[in-house]
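Participant:
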Amino acid sequence: AQKVTQAQTEISVVEKEDVTLDCVYETRDTTYYLFWYKQPPSGELVFLIRRNSFDEQNEISGRYSWNFQKSTSSFNFTITASQVVDSAVYFCALSERNFGNEKLTFGTGTRLTIIP
Amino acid sequence: DSGVTQTPKHLITATGQRVTLRCSPRSGDLSVYWYQQSLDQGLQFLIQYYNGEERAKGNILERFSAQQFPDLHSELNLSSLELGDSALYFCASSVDTLYGEAFFGQGTRLTVV
């Protein structure tokens, strides 16, 4: 069965500091996708990134970057020069497609607080 | 705005009652997924429909049911409600499979009193 572990329950950093959110996953499939979602205080889930299991290139989008390492089954998320608006709960998720049973499995989330 | 619309945004009801949550997927999306987010269980997959047919089932209670209509909107029916059913219920949609992006609605916050 697939599993996503976000060991950091809560993180607080001072504004402008860099912060890394950890995500470790388990799956038996060779083909899968990994996702990060942001849930701000307003409650909606905002899609941030999708990465497929065959693409281990790191990705950078503005202040956000993602480090995917299959060797350690990790898909970590770094925010550089954090801002107060980054305060939210961040979820890592794994999609696995077993025929007839397809779903996103979410981690328990990391609550990130940026202190002004 | 994800393009996925959920109504109502908030719902307060008594134990034993039945409620219906509605979801309109993004235009062109054939798959609809329902998730439950509670403090103790986190984000849990309930059920998926694809083009009107049930495609996958997760940890959905027998008191809960869902359907997807010909216009692709979906409804999640929760009956014999218990206090523990209080949660945020999300709907998500995608064009086809979860190998694409899944766009989430804003959720329906259900409070059972």
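Protein chains in written order, with my numbering: chain A, 16 to 131; chain B, 599 to 711. Virtual Cβ for every residue (Gly too), placed ideally from N, Cα, C.
1) Tell me, please, whether the CB atom of residue 685(B) is closer than 7 Å to any CB atom in chain A?
2) Throw me the rounded Cβ distance for the residue 124(A) and residue 104(A) pair, which I believe falls under 8 Å.
3) Starting from the Cα of residue 656(B), find the closest Cα among 611(B), 600(B), 692(B) and 641(B) and give me that residue.
4) Can the beta-carbon of residue 60(A) be found closer than 7 Å to that of residue 52(A)?
5) From the DSSP output, which residues share a beta bridge with residue 689(B)?
6) For residue 672(B), count the other beta carbons within 10 Å of its own beta carbon; 16 or more makes it buried, fewer makes it exposed. Which is it?
7) Starting from residue 67(A), trace the beta strand (DSSP E) in both directions and tell me its first and last residue.
8) Would you decide whether residue 623(B) is buried or exposed? Buried here means 16 or more other CB atoms lie within 10 Å of its CB.
9) List the residues that DSSP assigns as beta-bridge partners of residue 658(B).
10) In its own chain, which residues sit with a C-beta less than 6 Å from the C-beta of residue 200(A), not counting the 5 before and 5 after it?
11) What does residue 699(B) reach in chain A if we use C-beta pairs closer than 7 Å?
12) Using alpha carbons as the reference points, say which of 34(A), 36(A), 25(A) and 41(A) lies closest to residue 16(A).
13) Of the residues 119(A), 106(A) and 101(A), which one's Cα is nearest the Cα of residue 130(A)?
14) Which residue wins for smallest C-alpha separation from residue 650(B), given the options 627(B), 658(B), 662(B) and 633(B)?
15) Along the chain, where does the beta strand (DSSP E) containing residue 27(A) start, and where does it finish?
16) How is the beta strand (DSSP E) around residue 608(B) delimited, first residue to last?
17) I want to see whether chain B comes within less than 7 Å of residue 121(A), judged by CB atoms only; does it?
Facilitator: Looking at the atomic coordinates:
1) Within the second sequence, numbered from 1, the residue matching residue 685(B) stands at position 87. Residue 685(B) does not count as touching chain A.
2) As a working note, residue 124(A) is residue 109 in the first sequence. As a working note, residue 104(A) is residue 89 in the first sequence. Correct: roughly 5 Å between the Cβ atoms.
3) Here residue 656(B) refers to the residue found at position 58 when the second sequence is read from its first residue. Checking every option, the nearest Cα to that of residue 656(B) belongs to 641(B).
4) Here residue 60(A) refers to the residue found at position 45 when the first sequence is read from its first residue. Here residue 52(A) refers to the residue found at position 37 when the first sequence is read from its first residue. Yes, they are a contact pair.
5) Taking the second sequence and counting its residues from 1, the one referred to as residue 689(B) is at position 91. Residue 689(B) is bridged to 632(B).
6) Reading the second sequence from its first residue, position 74 is the one you call residue 672(B). Label assigned to residue 672(B): buried.
7) Within the first sequence, residue 67(A) is the residue found at index 52, counting from 1. Element bounds for residue 67(A): 61–67.
8) Sequence index remark: in the second sequence, residue 623(B) carries index 25 (1-based). Flag for residue 623(B) reads buried.
9) Counting from one through the second sequence, the residue named residue 658(B) turns up at place 60. In DSSP, residue 658(B) forms no bridge with anything.
10) Outside the shown range of chain A, which is 16 to 131, sits residue 200(A), and nothing can be said about it.
11) Here residue 699(B) refers to the residue found at position 101 of the second sequence. Those are 62 and 65, listed as they occur along chain A.
12) Your numbering for residue 16(A) matches position 1 in the first sequence. Per the Cα distances, 41(A).
13) Within the first sequence, the letter at position 115 stands for residue 130(A). With distances taken between Cα atoms, residue 130(A) lies closest to 101(A).
14) Here residue 650(B) corresponds to residue number 52 of the second sequence, with the count starting at 1. With distances taken between Cα atoms, residue 650(B) lies closest to 627(B).
15) Position 12 of the first sequence, counted from the start, is the residue given in the question as residue 27(A). Looking at the DSSP string, the run of the beta strand (DSSP E) that includes residue 27(A) is 25–29.
16) Translated into positions along the second sequence, residue 608(B) becomes position 10. Note, residue 608(B): beta strand (DSSP E), 608–611.
17) Mapped onto the first sequence, residue 121(A) falls at position 106. Closer than 7 Å: yes.
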